[in-house]
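Step one of this worksheet: look at the structure below.
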Amino acid sequence: FKGKVLHSADYTEAAPFIDRKVLVVGMGNTGAEIALDLAESGADPTLSVRKGVHIVPRQLFGVPIQMVGIASRPMPQGLNDRMFPIILDLALGKLEKYGLVRPKEGILKQIDAGRIPVIDVGTVAAIKAGRIKVAPDIKRFGERGATFVDGRQEDFDAVILATGYRPAYDKFLPAELRPQKSGVNARASELGLYLVGFHNPVTGLLREIGLEAMAVAADIEKRG
Numbered sequence: 010f011k012g013k014v015l016h017s018a019d020y021t022e023a024a025p026f027i028d029r030k031v032l033v034v035g036m037g038n039t040g041a042e043i044a045l046d047l048a049e050s051g052a053d054p055t056l057s058v059r060k061g062v063h064i065v066p067r068q069l070f071g072v073p074i075q076m077v078g079i080a081s082r083p084m085p086q087g088l089n090d091r092m093f094p095i096i097l098d099l100a101l102g103k104l105e106k107y108g109l110v111r112p113k114e115g116i117l118k119q120i121d122a123g124r125i126p127v128i129d130v131g132t133v134a135a136i137k138a139g140r141i142k143v144a145p146d147i148k149r150f151g152e153r154g155a156t157f158v159d160g161r162q163e164d165f166d167a168v169i170l171a172t173g174y175r176p177a178y179d180k181f182l183p184a185e186l187r188p189q190k191s192g193v194n195a196r197a198s199e200l201g202l203y204l205v206g207f208h209n210p211v212t213g214l215l216r217e218i219g220l221e222a223m224a225v226a227a228d229i230e231k232r233g
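Start counting the sequence shown at 10; every next residue gets the next number (my numbering).
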């Protein structure tokens with residue numbers, strides 16, 4: 010591909026892409042928000058969605074989605090994973106007809122595996138309005154564009170790779186010390202090494218960071 014290619018980490022504004030056809034590869038939160046920013050700024054974005062994606066609104070019938078997560082937390086995961094698709098279809102509509110397929114794994118099971126849902130800030134409405142196109146996985150790139158797995162071919166002026174990030178701690182922490190869960194655990198307490206905010210909970214990251222920070226402070230005080 011001979012057009013402009015950049016990773017989402019290098020995306021700062023939509024201005025260079027106005028009136029351009031842009032392929033955004035990947036629909037996590039970053040890809041969804043970049044596509045929306047492009048659409049609102051006068052670009053012509055297409056989202057390539059390789060796998061199924063869970064999408065939740067910021068508010069569910071007027072209640073912040075984090076509060077819904079807190080309220081549902083005591084319930085069995087299997088029950089939540091069966092209940093949420095029904096509720097989300099009522100809130101957002103059935104998105105399959107727009108090319109957005111829900112994964113087979115339930116939303117809470119995916120969160121436990123570190124794959125957080127897309128928090129919709131307007132991308133779904135832009136897709137429904139036709140201001141953001143949705144395409145499947147990419148089969149190959151050519152000099153001027155891409156061929157998708159469904160056989161569709163399209164030219165693009167630029168490609169933005171919203172394909173994820175590598176954690177920075179892998180540059181300075183040996184593998185056995187890299188966090189699986191954040192907060193306080195026996196190894197962290199022993200070393201005095203605390204990692205806060207490395208877990209993606211259904212109840213909202215900022216809330217959990219506050220709880221983890223209090224636990225860390227209490228452990229440090231106890232160590233004296």
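C-beta: ideal position from N, C-alpha, C; glycine also.
DSSP places Leu-170 within a strand segment (E or B) once states are collapsed to three.
In the three-state DSSP reduction, Phe-157 falls in the strand class (E or B).
In the three-state reduction of the DSSP assignment, Ser-57 falls in the strand class, which pools E and B. When beta bridges are read from the DSSP output, Ile-147 appears opposite Phe-157.
The DSSP-derived three-state label of Pro-25 is helix. Residue Pro-210 holds the alpha-carbon nearest to the alpha-carbon of Ala-122 among Gly-35, Pro-210, Ala-80. Taking Leu-104 as reference, the option from Gly-206, Glu-217, Ala-167, Ala-134 with the minimal CA-CA separation is Ala-134. Counted as a single uninterrupted DSSP element, the alpha helix (DSSP H) harbouring Lys-118 occupies residues 116-121. With three or more CB-CB distances shorter than 8 Å, the stretch 19-31 counts as touching the stretch 166-177. Annotated three-state conformation of Ile-125 is coil, per DSSP. The alpha-carbon separation between Val-14 and Val-31 amounts to approximately 10 Å.
Membership of Lys-231 in any beta strand (DSSP E) is not indicated; the residue belongs instead to the alpha helix (DSSP H) covering 214-232. Approximately 7 Å separates the beta-carbon atoms of Lys-60 and Pro-112; this is inside 8 Å, confirming the contact. Residue burial annotation: Lys-148 is exposed, with fewer than 16 other C-beta atoms found within 10 angstroms of its C-beta.
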